[in-house]
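Numbering (the working numbering), first residue to last: 1027 to 1421.
Right, one structure below, let's go through it.
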Amino acid sequence: MAEKAEERVQRALDSFLVEIPSWGFPDTGTRFGKFRQPGAAGSVAEKLSDAGQVHALTGCCPTVAVHTAWDFPNGLASAEEVAAEARKHGVRIGAVNPTLFEEQCYKNGSFGNPDPAIRRKAIEHTLESIEIAKRVGSRYLSLWFIDGSCYPGTANIRRRKRWFAECLAECHAALGEDQYLLVEYKPFEPAFYHTDIADWGMSFLLSKAAGPKARVLVDTGHHYQAQNIEQIVAWLLDEGMLGGFHLNDRRYADDDLTLGSIDPYQVFRIFHEIQFHAWDSGQRAEIAYMIDQSHNLKPKIEEMIQTVNNAQELFAKAALVDHAALSRFQERGELIDAEECLRGAFSTDVRPMIREWRRSKGLPEDPLAAFRASGYMQRVAAERAGRSVAASGYC
Ligand SMILES: [Mn+2]
């Protein structure tokens, strides 16, 4: 007899952890400006405190992604202090992201820069980030590059590809036993003619060239409009090359919108491919689920709770797909039944089952309401008022 819906959802939620980004809590903005929020985090300690709130109320965000330049002001020397601060707030440091895009020297790129001295500087920063990751007990070094060009003829695309392969291989060689290199892709922005790692295929090839512990990172916002993201995910799973996700949504291009706010069925289909693969292959792929959103308009902590909530709902819905039945329908070419099998799961209201899961874990049934009732925001807004400069951080 098939497992009951409630049990499937409980089991799925038990296995589903989502990492939240430190850059989701300070004041950030678009290229046009910032709208400051009272109580926005201004220091690493404040970011970790805010992240700790999200985990305390949702129970599924035990790690926080960090950016080397923004969160480790003294580089490696800050590592222990930041790790201790995270522990103090009930979380751990997750993926370490080298910051390879803010300094003036990176105008023409980092790993793809034609100047070998700048490529060397980018490698050294990445190697230090790997050491930080080791020091704070993080398994992931997560790489996103601005590299590319804005005008035809201005960059040697083939040479840059080879420089990328060399730099990534050198960084891969420094990884610890249990560490992974995650390589993100993005089709455009800030480069508007070519991006050195523009799509999953380029990330795949460069990861393969780097070494056995490099994997592709799929940022859901980094795709063209009509792209079939779940197919990319299915292929990466089948190749054993899916490392993780940066979860967000977009309507036009990368805008850090709330996950599932525009197209929840897309997210559901991605989660479905992952769970279908696990059923089919008998093994669950190790995937780092991370949120990459930085909100300029919505209240930051509430937004992060809303995103985690959306992620749990969509993951739980995907757990309701009857894989055995779906396989049968697919084999027999029963198109309507196969499609309805997916749609039925997607249409199920899983919220009562999620509330039940939360009750069973001693968590608030409605984390957003619990956060609002906690008075945390009012308290930190008062404590943090009058601070001069907010911590930077936007990607
Ligand atoms: Mn990203």
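All C-beta atoms in this analysis are idealised placements derived from N, C-alpha and C, irrespective of residue type, glycine included.
### Query
Buried or exposed: residue 1165, going by 16 or more other Cβ atoms within 10 Å of its Cβ?
buried
### Query
At what residue ranges does the stretch 1126 to 1195 contain a whole run of the alpha helix (DSSP H), taking only runs of 4 or more?
1142 to 1162
### Query
Closest by CA to residue 1168, which one among 1413, 1208, 1343?
1208
### Task
Confirm the yes/no value for this check: CB of residue 1210, any heavy atom of ligand 1, distance under 7 Å.
yes
### Message
Any beta carbon from chain D within less than 8 Å of residue 1112's own beta carbon?
### Response
Absent from the structure: chain D. Only one protein chain is present.
### Query
Are there three or more Cβ pairs, one per stretch, closer than 8 Å when the stretch 1099 to 1106 is compared with the stretch 1050 to 1064?
no
### Query
Hey, would you say the C-beta of residue 1318 is under 7 Å away from at least one heavy atom of ligand 1?
yes
### Query
Near residue 1349, what residues of its chain come up, given a Cβ to Cβ distance below 7 Å and the 5 sequence neighbours on each side ignored?
1302, 1305
### Message
Quick check on residue 1089: does DSSP put it in helix, strand or coil?
### Response
strand
### Message
Using only CA atoms, which one of 1046, 1187, 1266, 1238 lies nearest to residue 1075?
### Response
1046
#### Entry: Bounding residues of the alpha helix (DSSP H) (the contiguous stretch that carries residue 1265)
Here residue 1265 belongs to no alpha helix (DSSP H), and DSSP marks it neither H nor E.
### Query
In terms of alpha-carbon separation, which member of 1375, 1095, 1153, 1070 lies closest to residue 1117?
1070
### Task
Run the proximity test for residue 1226: is its beta-carbon closer than 7 Å to any non-hydrogen atom belonging to ligand 1?
no
### Query
Three or more C-beta pairs closer than 8 Å, one from the stretch 1366 to 1379 and one from the stretch 1394 to 1410: is that the case here?
no
### Task
Assign residue 1103 to one of three DSSP states: helix, strand, or coil.
helix
### Task
With residue 1315 as the anchor, note down where its beta strand (DSSP E) starts and where it stops.
1314 to 1317
### Query
Comparing alpha-carbon positions, which option in 1148, 1335, 1134 lies nearest residue 1087?
1335
### Alpha-carbon to alpha-carbon, residue 1098 and residue 1151
12 Å
### Message
Under 7 Å: does the beta carbon of residue 1272 sit that close to some heavy atom of ligand 1?
### Response
yes
### Task
State the beta-bridge partners of residue 1052 as determined by DSSP.
1067
### Limits of the unbroken beta strand (DSSP E) element including residue 1044
Counting along the chain, residue 1044 falls outside any beta strand (DSSP E), and DSSP gives it neither H nor E.
### Query
What is the rounded straight-line gap between the Cα of residue 1197 and the Cα of residue 1033?
42 Å
### Query
Any heavy atom of ligand 1 within a distance shorter than 7 Å of the CB on residue 1275?
no
### Query
Where does residue 1410 fall in DSSP's three states?
helix
### Query
Would you call the stretch 1259 to 1277 and the stretch 1185 to 1197 touching, i.e. three or more CB-CB distances under 8 Å?
no
### Query
Taking Cβ positions, are residue 1173 and residue 1137 nearer each other than 8 Å?
yes
### Message
So the candidates are 1230, 1274, 1134, 1248; which of them puts its Cα closest to the Cα of residue 1267?
### Response
1230
### Message
So, at 6 Å on beta carbons, what are the nonlocal neighbours of residue 1085 in its own chain, with the 5 sequence-adjacent residues on each side left out?
### Response
1387, 1389
### Query
Is residue 1245 near ligand 1, going by C-beta to nearest heavy atom under 7 Å?
yes
### Query
Who are the near neighbours of residue 1132 in its chain, counting only those whose CB is closer than 8 Å to its CB and skipping five residues on each side?
1126, 1139, 1144, 1148, 1172
### Message
Between which two residues does the alpha helix (DSSP H) holding residue 1277 run?
### Response
From DSSP, residue 1277 is part of no alpha helix (DSSP H); its letter is neither H nor E.
### Query
Which parts of the stretch 1203 to 1249 are runs of the alpha helix (DSSP H), unbroken and 4 residues or longer, counting only runs that do not cross its ends?
1226 to 1236
### Task
Evaluate the contact criterion for the stretch 1307 to 1320 versus the stretch 1361 to 1370: three or more CB pairs, one atom per stretch, below 8 Å.
no
### Beta-carbon separation (whole angstroms), residue 1393 vs residue 1331, contact threshold 8 Å
5 Å
### Task
Flag residue 1088 as yes when its Cβ comes closer than 7 Å to any non-hydrogen atom of ligand 3, and as no otherwise.
Looking for ligand 3 in the displayed structure turns up nothing; the ligands present are ligand 1.
### Task
With a threshold of 16 other CB atoms inside 10 Å of the CB of residue 1182, please say whether the residue is buried or exposed.
exposed
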